[in-house]
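Under our numbering, the first residue of the sequence shown carries the number 1, and numbering increases by one thereafter.
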Amino acid sequence: HMKNYAEMVINLMKKEKLFAPQGGPIIMAQIENEYNNVQLAYREDGKKYIKWAAEMATGLYNEVPWIMCKQKDAPPQVINTCNGRHCGDTFTGPNGPNKPSLWTENWTAQYRTFGDPPSQRAAEDIAFSVARFFAKNGTLTNYYMYHGGTNFGRTGSSFVTTRYYDEAPLDEFGLKREPKWSHLRDLHRALRLSRRALLWGTPTVQKVSEDLEITVYEKPGSDCAAFLTNNHTKNPATIKFRGQEYYLPEKSVSILPDCKTVVYNTQTVVAQHNSRNFIASEKAKNLKWEMYQEKVPTINDLPIKNREPLELYSLTKDTSDYAWYSTSINFNRHDLPMRPDILPVMQIASMGHALSAFVNGEFVGFGHGNNIEKSFVFQKPVILKPGANDITILAETIGFPNSGAYMEKRFAGPRGITLQGLMAGTLDITLNNWGHKVGISGEQEEIFTEEGVKKVKWTPVTGPPPGAVTWYKTTFDAPEGNNPVAINMEKMQKGMMWVNGKSLGRYWSSFLSPLGQPTQSEYHIPRAFLKPKDNLLVIFEETGGHPENIVIQTVNRDTICSMISEYRPPNVKSFERSGGKFNSIVEDLKQGAQLACPESNQVIKKIEFASYGDPDGACGNFYNGNCTSPNSLKVAEKHCLGKNTCAIPVEREAFDELSKDPCPNAFKTLAVQAKCGLP
1 HMKNYAEMVI
11 NLMKKEKLFA
21 PQGGPIIMAQ
31 IENEYNNVQL
41 AYREDGKKYI
51 KWAAEMATGL
61 YNEVPWIMCK
71 QKDAPPQVIN
81 TCNGRHCGDT
91 FTGPNGPNKP
101 SLWTENWTAQ
111 YRTFGDPPSQ
121 RAAEDIAFSV
131 ARFFAKNGTL
141 TNYYMYHGGT
151 NFGRTGSSFV
161 TTRYYDEAPL
171 DEFGLKREPK
181 WSHLRDLHRA
191 LRLSRRALLW
201 GTPTVQKVSE
211 DLEITVYEKP
221 GSDCAAFLTN
231 NHTKNPATIK
241 FRGQEYYLPE
251 KSVSILPDCK
261 TVVYNTQTVV
271 AQHNSRNFIA
281 SEKAKNLKWE
291 MYQEKVPTIN
301 DLPIKNREPL
311 ELYSLTKDTS
321 DYAWYSTSIN
331 FNRHDLPMRP
341 DILPVMQIAS
351 MGHALSAFVN
361 GEFVGFGHGN
371 NIEKSFVFQK
381 PVILKPGAND
391 ITILAETIGF
401 PNSGAYMEKR
411 FAGPRGITLQ
421 GLMAGTLDIT
431 LNNWGHKVGI
441 SGEQEEIFTE
451 EGVKKVKWTP
461 VTGPPPGAVT
471 WYKTTFDAPE
481 GNNPVAINME
491 KMQKGMMWVN
501 GKSLGRYWSS
511 FLSPLGQPTQ
521 SEYHIPRAFL
531 KPKDNLLVIF
541 EETGGHPENI
551 VIQTVNRDTI
561 CSMISEYRPP
571 NVKSFERSGG
581 KFNSIVEDLK
591 QGAQLACPES
601 NQVIKKIEFA
611 SYGDPDGACG
621 NFYNGNCTSP
631 NSLKVAEKHC
641 LGKNTCAIPV
651 EREAFDELSK
661 DPCPNAFKTL
671 AVQAKCGLP
């Protein structure tokens, strides 16, 4: 099966002439991914498989290099590569003399699963690791991810959020996340300025101390580039190189494309910062909601019968997140607790991932696992009655497994169901005969489409929402402007969303991170999904939420910032390499704090924060330290208000007379936050 698949892909690429030897853009191909992580589980078969996969791939097409990521024992005909955060220091290197050093996944943050706190990685840390990698003879770094994205529909894997790698240099909406985007751009400019020495020079490494290191690439008589490294995570240092002293902040690399001039330091961000804003749309507000309640079925309504509950993955076969399970049991009044203050308890041992439970059509509660421990035990008191009682479960998967050995042996769904606290003790109803049905009726009728929405009777939402397994619909006009569009689902619980029949994916606002916040509140609505007017929005809510609080938003990064210290290398844009020579292309290498609105038709309308002294924080959350010039705001406004771009000098005399400097002996930093908008 794998060979058939690989052969189909390779033949398609060849047919379309997409490989580099055919004049196309594909310069490498990959077979397998991080198989080392699971190889030991298969013992000798794992080794045989890797050898087979390499021979199979190169046998199909061998005109471009083949790679295997994180495969230390990659066969001779394929290149082993590194995936991770710090391959410059953790990669043991290629496992053969003719293999280059490749970093195939440089993780710009980490994908999140529902219930996770934010995943972040500083631009400085990424830049440090990339500079270290190229200082150590690295050939290629590839960012994973460079552009965040959206897991539309049911494409998110096990517990993975609908928003994917939003902390990438380009976020989920395609907006530049600053300073990550520009700091990495500047890093690659510095590396390109060093390219002649990196390509043709001979590397030498000088260990100055335990933490300090000098790496030089030099071709005698012509090109020279140097990397000065301080590996200490807390202390800055000064390093002497070719008769000159260079200041190195903690955990940083300085790049000198001519072995003299520092054009870039990984820890010193001269690039602009920004902060993302979600703004309620004026055109898409005052939503009028209607609802349709999904019928909670009984065993007689469900077509697939089995003595015990069927395993969920093999039942749904990836056609739906949902499956109904139901059984019926008779009690006489002597079976039930006599005291009204004591209720029986229903316990469901589930192999994952989530479930909603109902007794006699009434919602009892919701339970779920998490990415680390999918299985869970659901326990809730229930009201049982003399006569027939219908026990119904809506079992749910949240994506399929994405890694690990023996994935075919992963299971989900209810495994054991008991009723505790009856007069005769605990009753196990696991083998009580169960009915099953894959999917929910609204899903099968496609009531989220223009045609399907007419198949059921919708009623206006008045008063408190009705609760579990409820469909909601409304229409809205496309929001104003051209900015990306999102929907805020913070006041809902868990379910699925559709716009004009296209699935926006799963939402899960009730699963809070350890910080007490939903892992994801805003969900992307691509403008390509929208019409100018009357867009159909349909929500399936599993457990009960407040649709009246759903908000359609536009997304921008119009809050821009700069945080620049008075001791910093000049911007790498100040230099060029022309005709084999390295030159400065601006006269004043100290241009100060530079700000630029994201759109050419915008201007800086307001300076929201300015402090020259020892400010702290991040863009959107700056605050004053112990020292700040009283003229900070005035100087920033003078240089920037009403302009599309501006530069504020980071010089003491620009802010205070020498005699009035509030902290003359302090190391100074300028932090500015501005708001852009249309003039």
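Ideal placement from N, C-alpha and C gives every residue a C-beta, glycine not left out.
Asked, Found
"DSSP beta-bridge partners of residue 400", "None; residue 400 has no bridge partner."
"From 603, 612, 611 and 659, residue whose alpha carbon lies closest to that of residue 642", "603"
"Spatial distance of residue 147 from residue 175 (CA atoms)", "9 Å"
"Under the three-state DSSP convention, the category residue 111 falls into", "coil"
"Proximal residues to residue 227 (C-beta, below 7 Å), its chain only, five neighbours per side dropped", "131, 135, 215, 253 and 255"
"Where residue 13 falls: helix, strand or coil (DSSP)", "helix"
"Reduced DSSP secondary structure (H/G/I, E/B, other) of residue 597", "coil"
"6 Å CB neighbourhood of residue 311 in its chain, flanking five on each side removed", "411 and 413"
"Collapsed DSSP secondary structure at residue 189 in the structure displayed", "helix"
"Per-residue DSSP class, three states only, for residue 296", "coil"
"Stretch pair the segment 270-288 + the segment 546-560: three plus CB contacts closer than 8 Å", "yes"
"Where residue 35 falls: helix, strand or coil (DSSP)", "coil"
"Range of the contiguous alpha helix (DSSP H) that encloses residue 60", "43-60"
"The segment 490-499 touching the segment 538-546, judged by at least three CB pairs closer than 8 Å", "yes"
"Spatial neighbours of residue 421 in its chain, beta-carbon cut-off 8 Å, leaving aside the 5 residues before and after", "337, 342, 343, 344 and 345"
"Chain-order list of residues whose beta-carbon lies under 7 Å from that of residue 467 (same chain, five-residue window excluded)", "363 and 544"
"Proximity below 8 Å, CB of residue 236 to CB of residue 213", "no"
"Rounded Cβ spacing between residue 187 and residue 127 (contact assumed at less than 8 Å)", "5 Å"
"DSSP three-state assignment for residue 160, whether helix, strand or coil", "strand"
"Whole-angstrom distance between residue 427 and residue 380, CA atom to CA atom", "15 Å"
"From 262, 317 and 361, residue whose alpha carbon lies closest to that of residue 391", "361"
"Cβ-based neighbour list, residue 50, same chain, cut-off 8 Å, excluding 5 preceding and 5 following", "32, 35, 39, 68, 71, 73, 74 and 75"
"Span separating the alpha-carbon of residue 137 from that of residue 100", "9 Å"
"Terminal residues of the alpha helix (DSSP H) in which residue 639 lies", "632-640"
"Assumed close pair residue 399, residue 157 - CB separation to whole angstroms, cut-off 8 Å", "4 Å"
"Straight-line gap, residue 679 to residue 600 (C-alpha atoms, nearest Å)", "11 Å"
"Touch test, the segment 299-314 against the segment 439-458, Cβ-Cβ under 8 Å, three pairs minimum", "no"
"Chain-order list of residues whose beta-carbon lies under 6 Å from that of residue 53 (same chain, five-residue window excluded)", "31 and 32"
"Residue 152 versus 596, 41, 162 and 43, residue with shortest Cα-Cα distance", "162"
"With 16 other Cβ atoms within 10 Å as the buried cut-off, status of residue 552", "buried"
"Pair within 8 Å by beta-carbon distance, residue 434 and residue 294", "no"
"Inter-residue Cα distance where the pair is residue 619 and residue 95", "44 Å"
"Collapsed DSSP secondary structure at residue 134 in the structure displayed", "helix"
"Anticipated Cβ contact below 8 Å, residue 78 with residue 193, distance rounded", "No, residue 78 and residue 193 are not in contact; Cβ-Cβ is about 33 Å, not under 8 Å."
"Residue 505 versus 489, 515, 513 and 516, residue with shortest Cα-Cα distance", "489"
"Assigned secondary structure, residue 342 (DSSP; H/G/I helix, E/B strand, else coil)", "coil"
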